[in-house]
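Asker: In the numbering used here, the protein residues as written are 8 to 307.
Backbone N, C-alpha and C define an ideal beta-carbon position, used for all residues, glycine too.
Everything numeric in this text was worked out from a predicted model, so none of it was measured.
One structure is given below, represented as structure tokens, and several questions about it will come after.
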Ligand SMILES: Cc1cc2nc3c(=O)[nH]c(=O)nc-3n(C[C@H](O)[C@H](O)[C@H](O)COP(=O)(O)O)c2cc1C
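Have a look at this one:
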């Protein structure tokens, strides 16, 4: 259920510029056929509930003539008319290149205002058909973080057991899994994980003071991508607030496997865990950006 509802057009404000007609991805603004030169009204018609509530009509109307219902007003700021003036490419690239996955955190808690500011940035992520179907679980309770850490450890211990029988198992598992279990790096990685655990380290969640889990119902092949973009917004917003983050695929996988842990977090049955982010104040400073793989592009 969407909260945004487009009601129609304020005829007094509408200048018939037709921007809404050109902009609406569902073609719901119509200018009925007119005589040449006649300036007749534009109408909003959604007989088959095809509106995806993207609000592009609200955003594009130069005279604010779209009437809608929502608890929130449209957000206005002068720079929206010249977006490139908000941040130039070089500064943006510095900011993107400066981002690292943070695995060493100070013990200081993340203040609630900063958590809310990060979540607010995630709210503005694009999503397929504007579904915005995400829900978040925010965890700062160390006991609950420990439960998730233990779920990761349990999953890794199971994997370590399975790996022992890899020579037999390889005959039964799918190709990708076969490559994974037969790769010597998998066993070495698991052994290293448990060496760290035995030393009292936390190679699962890196002693982060905060966890953000993003969940969404399975709406098809794009749901995972949507969540990924939302978390990326969050990572970048966190960085602008002096915070560090790391996406923890292992925790995501553990939550996917262990129903009891999902129940503890009150994640509804119909929701999948699409990503887990740890967050906190970094206890590390970087001096340079490492090289990345060159782009692989086919130009036509
Ligand atoms: C989907 C995803 C899952 C990841 N899972 C883990 C993880 O479980 N543990 C971990 O330490 N890092 C994890 N990472 C972080 C990657 O290792 C990291 O992004 C990569 O090495 C590049 O480093 P950078 O983020 O500092 O540029 C994950 C990243 C992504 C995008």
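Does residue 252 come out as helix, strand or coil in the three-state DSSP assignment?
Answerer: Residue 252: strand per DSSP, three-state reduction.
Asker: Can you list, in chain order, every residue whose CB sits closer than 6 Å to a heavy atom of ligand 1?
Answerer: Per the Cβ criterion, the list is 107, 108, 110, 253, 254, 255, 256, 257.
Asker: What are the boundary residues of the alpha helix (DSSP H) that residue 287 is part of?
Answerer: From DSSP, residue 287 is part of no alpha helix (DSSP H) but of the beta strand (DSSP E) over 278-287.
Asker: CB residue 262 to CB residue 145, shorter than 9 Å?
Answerer: No, they are not a contact pair.
Asker: Between the segment 131-144 and the segment 173-189, do at least 3 Cβ pairs fall closer than 8 Å?
Answerer: The segment 131-144, when compared against the segment 173-189, does not touch it at the 8 Å Cβ threshold.
Asker: So, residue 124 versus residue 248, is the Cβ gap smaller than 9 Å?
Answerer: The answer is yes: Cβ separation under 9 Å.
Asker: Nearest to residue 60 by alpha carbon, out of 77, 117, 156?
Answerer: Of 77, 117, 156, the residue nearest in Cα terms is 77.
Asker: Could you name the residues of the same chain whose beta carbon sits closer than 6 Å to that of residue 7, not counting the 5 residues immediately before and after it, in chain order?
Answerer: No statement about residue 7 is possible, as the shown extent of the chain runs from 8 to 307 and does not include it.
Asker: Could you tell me whether the segment 219-238 touches the segment 156-167, using the rule of 3 or more Cβ pairs below 8 Å?
Answerer: No, because fewer than three Cβ pairs between the segment 219-238 and the segment 156-167 fall closer than 8 Å, the two stretches do not touch.
Asker: Residues in its own chain within less than 6 Å of residue 274 by CB, not counting five upstream and five downstream?
Answerer: The residues are 222.
Asker: Can you tell me the Cα-Cα spacing of residue 130 and residue 288, whole angstroms?
Answerer: The alpha-carbon atoms of residue 130 and residue 288 are separated by roughly 22 Å.
Asker: Given a threshold of 16 other Cβ atoms within 10 Å of its Cβ, counted over all protein chains shown, does residue 280 qualify as buried or as exposed?
Answerer: The residue in question, residue 280, is buried, as its Cβ has 16 or more Cβ neighbours within 10 Å.
Asker: Taking just the CA atoms, how far does residue 240 sit from residue 209?
Answerer: Those two C-alpha atoms are separated by around 26 Å.
Asker: Less than 9 Å separating the beta-carbons of residue 230 and residue 128?
Answerer: In this structure, residue 128 does not lie closer than 9 Å to residue 230 by Cβ.
Asker: I want to know whether the segment 111-126 touches the segment 287-306 - three or more CB-CB distances under 8 Å.
Answerer: Output reads yes: the segment 287-306 touches the segment 111-126.
Asker: Applying the criterion that 16 or more other CB atoms from any shown protein chain within 10 Å of the CB defines a buried residue, is residue 269 buried or exposed?
Answerer: It is buried - the Cβ of residue 269 has at least 16 other Cβ atoms within 10 Å.
Asker: Could you have a look at residue 222 and say whether DSSP puts it in helix, strand or coil?
Answerer: Residue state, collapsed to three classes: strand.
Asker: How many Å lie between residue 100 and residue 55 at the Cα?
Answerer: For residue 100 and residue 55, the distance between alpha carbons rounds to 43 Å.
Asker: Quick one, which of 156, 190, 204 has its alpha-carbon nearest residue 260's?
Answerer: Among 156, 190, 204, the Cα nearest to that of residue 260 belongs to 156.
Asker: Using 8 Å for Cβ pairs, my map puts residue 14 next to residue 74. What's the rounded Cβ distance?
Answerer: With a Cβ gap of about 4 Å, residue 14 and residue 74 count as contacting.
Asker: Measuring only the C-alpha atoms, how far is residue 23 from residue 58?
Answerer: Near 21 Å, if we compare the C-alpha coordinates of residue 58 and residue 23.
Asker: Curious, which full-length alpha helix (DSSP H) runs of at least 4 residues does the segment 21-84 contain?
Answerer: Qualifying alpha helix (DSSP H) stretches, in chain order: 26-30, 63-67.
Asker: Using the C-alpha atoms, what's the distance from residue 48 back to residue 243?
Answerer: Looking at the two C-alpha atoms, the distance is approximately 43 Å.
Asker: Provide the residue span of the alpha helix (DSSP H) that contains residue 300, from first to last.
Answerer: Segment: none, residue 300 is in no alpha helix (DSSP H) and carries neither H nor E.
Asker: Consult DSSP for residue 207 and reduce its assignment to one of helix, strand or coil.
Answerer: Coil.
Asker: Kindly indicate which three-state DSSP category residue 14 falls into: helix, strand or coil?
Answerer: Residue state, collapsed to three classes: strand.
Asker: Between 219, 11, 80, 256, which has its C-alpha nearest residue 151's C-alpha?
Answerer: Ranking 219, 11, 80, 256 by Cα distance to residue 151 puts 219 first.
Asker: Under a three-way DSSP split, which group does residue 125 fall into?
Answerer: Residue state, collapsed to three classes: helix.
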